[in-house]
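Residue numbers (my numbering): 29 to 103.
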């Protein structure tokens, strides 16, 4: 996990249908009074289900996070 101070984006899990991030971005997720931050550095930029990285008990909602390459990555 990352610290909330590093986050460039804050997502309300309850209202989001999906999330788009750039590889290397740190995102803070909120669900009610709970929150956590995660830095997305994913090999091959494959989509991630939030429940796979969220702390246990954070949410029961399946939320896809789509990762795109950042400008500094080479192909």
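All C-beta atoms in this analysis are idealised placements derived from N, C-alpha and C, irrespective of residue type, glycine included.
Rounded separation between residue i and residue j - CA only
i, j, result
"residue 61", "residue 44", "16 Å"
"residue 36", "residue 53", "7 Å"
"residue 99", "residue 77", "24 Å"
"residue 88", "residue 42", "10 Å"
Contacting residues, own chain, Cβ-Cβ under 7 Å from residue i (five flanking each side not counted)
i, result
"residue 38", "56 and 58"
"residue 73", "51, 95, 96 and 97"
"residue 40", "58"
CB of residue i within 8 Å of CB of residue j, strictly
i, j, result
"residue 79", "residue 63", "no"
"residue 50", "residue 94", "no"
6 Å Cβ shell around residue i - same chain, five flanking residues per side excluded
i, result
"residue 75", "92 and 94"
- Task: Taking 8 Å as the threshold, find out whether the stretch 84-92 comes into contact with the stretch 65-73 through three or more Cβ pairs.
- Result: The stretch 84-92, when compared against the stretch 65-73, does not touch it at the 8 Å Cβ threshold.
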